[in-house]
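Start counting the sequence shown at 29; every next residue gets the next number (the working numbering).
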Amino acid sequence: MLVFLAETKAGINRIKGVQRKLEYSQGIIVPSDGRSGGLALLWKEGTMVDFKSSSNSHIDVVVRDSPSSEPWRATGFYGHPETNKRYISWHLLDSLSSQCNMPWVVMGDFNEILFSDEKLGGAEREAKQMVAFRERLNRCRLVDLGFIGQKYTWCNGRFGGERTKLRLDRVVANDDWIQRFPDARVFHTHLTISDHCLLKLSLKRDQIKHPQKRRFMFEAMWTRDTSCREVVEAAWDFGNLPSFQLTGRLRKCKEMLKRWNWREFGNVTQIIKQKREQLQYLESFNSLHEKADEVLQLKMEINEILTREEIMWNQRSRTMWMKWGDRNTKFFHATAS
């Protein structure tokens with residue numbers, strides 16, 4: 029899987045930190061110019077990717093699904109943010125198109141829309157801008173892959189008459205690539221910490237995953253709730269008999285913490301999924317003002333849950349274990365599992 033980041037506004041060291049967090053050790057980084065621009069294309073070790081070219085506006089690679097498979101081409105693209113310089117981006121797209129004839133997919137923030145109905149609010153888009161974009165895609169024989177989810181991929185975050193939404197981000201591909209991946213789908217997923225939404229390009233239909241039983245682990249995120257201490261104390265004092273030894277107290281802690289966790293926290297990943305689906309639903313109204321306050325409140329709730337999730341995954345990381353995890357891990361799990 030490839031991850032393309034546009035307008036990162038970040039230098040090499042910060043992007044390398046993102047790589048470590050995502051466990052995507054390989055990639056190409058185009059550092060930002062101060063607080064503007066910046067691109068990155070990341071992938072996991074073992075993915076067969078060959079670098080072709082890059083600039084402040086693109087990263088171009090060749091991908092192989094296996095050593096014996098035919099290669100295909102992937103380009104992360106960032107359209108020039110200034111309208112009067114966007115022709116430079118279209119010339120770049122022309123140049124990339126002429127470089128090879130393999131299956132090709134282009135993804136990113138084009139900073140332009142194809143049709144007037146891809147904009148909501150604000151001043152009307154000049155027709156010549158949209159025409160120039162459509163003509164360039166046609167010349168390069170690139171087709172919009174469409175999307176599943178909310179229509180608009182960018183919002184200026186303002187309210188009232190200043191609120192504006194546009195579909196600036198998209199995935200386009202040539203016919204050879206579409207025939208190579210007939211089940212490919214593009215999903216628009218709202219992000220609570222960005223003015224753009226996330227685009228996920230799925231090449232195959234999702235397969236059903238069977239859940240696996242996980243061992244019990246004391247979650248550092250529980251300590252954000254003051255009632256955690258009360259649960260532990262109640263479990264520890266449950267048995268005052270001499271026969272109720274240390275191992276018994278630990279098992280009782282495990283049982284009561286698991287019940288309390290599901291009652292107070294639930295499945296963090298599932299809750300995030302549900303709230304994101306709710307956010308997607310609210311965004312699907314594709315309106316400027318309706319539901320805006322609900323969207324803002326839901327984003328705040330999701331960000332708090334994401335903080336819990338980050339603590340949870342940091343605890344599972346070997347490099348962060350001593351910071352977040354239980355210091356007596358081996359003994360605790362040997363007795364409580």
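Backbone N, C-alpha and C fix where the C-beta goes; we use that ideal spot for every residue, glycine too.
State the CB to CB distance for the pair residue i and residue j, rounded to an integer number of angstroms; the pair is presumed to be in contact (CB under 8 Å).
{"i": "A262", "j": "M284", "result": "7 Å"}
{"i": "E140", "j": "L196", "result": "7 Å"}
{"i": "G66", "j": "E35", "result": "6 Å"}
{"i": "L148", "j": "T192", "result": "7 Å"}
{"i": "R277", "j": "W288", "result": "Actually they do not touch by this definition, with Cβ atoms about 16 Å apart."}
{"i": "G107", "j": "F32", "result": "Contact doesn't hold; Cβ gap of about 14 Å is too wide."}
{"i": "T75", "j": "H86", "result": "No, T75 and H86 are not in contact; Cβ-Cβ is about 19 Å, not under 8 Å."}
{"i": "V91", "j": "K80", "result": "That belief does not hold up - the Cβ atoms of V91 and K80 are roughly 11 Å apart, past 8 Å."}
{"i": "F175", "j": "F138", "result": "Between F138 and F175 the Cβ distance is about 14 Å, and since that is not below 8 Å, they are no contact."}
Could you name the residues of the same chain whose beta carbon sits closer than 8 Å to that of residue i, not counting the 5 residues immediately before and after it, in chain order?
{"i": "R373", "result": "Residue 373 cannot be examined here, being either before or after the span of the chain that is shown, 29 to 365."}
{"i": "A362", "result": "Confidence is the limiting factor: at A362 the pLDDT is only 45, short of 50, which leaves the residue's position unreliable and the question unanswerable from this model."}
{"i": "S53", "result": "Q47, K72 and E73"}
{"i": "A320", "result": "F187 and R191"}
{"i": "R304", "result": "T217, H218 and I330"}
Need the endpoints of the beta strand (DSSP E) that residue i sits in, please.
{"i": "A155", "result": "Premise fails: A155 lies in the alpha helix (DSSP H), A155 to R167, not in any beta strand (DSSP E)."}
{"i": "K80", "result": "M76 to S82"}
{"i": "F32", "result": "L30 to A34"}
{"i": "R252", "result": "Segment: none, R252 is in no beta strand (DSSP E) and carries neither H nor E."}
{"i": "D88", "result": "H86 to R92"}
{"i": "G55", "result": "Q54 to V58"}
{"i": "L70", "result": "L67 to W71"}
Could you give the residue range of the alpha helix (DSSP H) that holds residue i?
{"i": "R48", "result": "I40 to L50"}
{"i": "W264", "result": "S255 to W264"}
Can you list, in chain order, the residues of its chain whose CB lies under 7 Å from that of residue i, leaving out five sequence neighbours each side?
{"i": "F143", "result": "M158"}
{"i": "W16", "result": "The structure shown does not extend to residue 16, since the chain spans only 29 to 365, so no value can be given for it."}
{"i": "I236", "result": "With a pLDDT of only 48 at I236, under the threshold of 50, the placement of this residue in the model should not be trusted; the figure read from the coordinates follows. Answer for I236: no residue qualifies."}
{"i": "S125", "result": "C168"}
{"i": "K232", "result": "D211"}
Can you determine whether any heavy atom of the ligand FAD sits closer than 7 Å to the C-beta of residue i, and answer yes or no?
{"i": "W288", "result": "The ligand FAD is not among the ligands present in this structure, which contains no ligands whatsoever."}
Spatial neighbours of residue i within its chain, please: CB distance less than 6 Å, with the 5 preceding and 5 following residues excluded, ordered by chain position.
{"i": "S230", "result": "R213"}
{"i": "G39", "result": "P59"}
{"i": "C128", "result": "none"}
{"i": "I57", "result": "I40, I43 and A68"}
- request: Examine the Cβ distances between the stretch 110 to 118 and the stretch 42 to 51 and report whether three or more of them are shorter than 8 Å.
  value: no
message: Suppose only complete runs of 4+ residues qualify. What are the alpha helix (DSSP H) ranges in the stretch 181 to 247, listed by chain order?
response: 203 to 208
Meets three-Cβ-pair contact criterion under 8 Å: the stretch 320 to 339 and the stretch 299 to 306: yes
- request: Give a yes or no on contact between the stretch 200 to 209 and the stretch 126 to 141, applying the rule of three or more CB pairs nearer than 8 Å.
  value: yes
- prompt: Can you list, in chain order, the stretches of the beta strand (DSSP E) that have 3 or more residues and sit fully within the stretch 95 to 155?
  reply: 100 to 106 and 132 to 137
query: Is there contact between the stretch 154 to 164 and the stretch 177 to 197, where contact requires at least three CB pairs shorter than 8 Å?
result: no
Meets three-Cβ-pair contact criterion under 8 Å: the stretch 162 to 174 and the stretch 86 to 97: no
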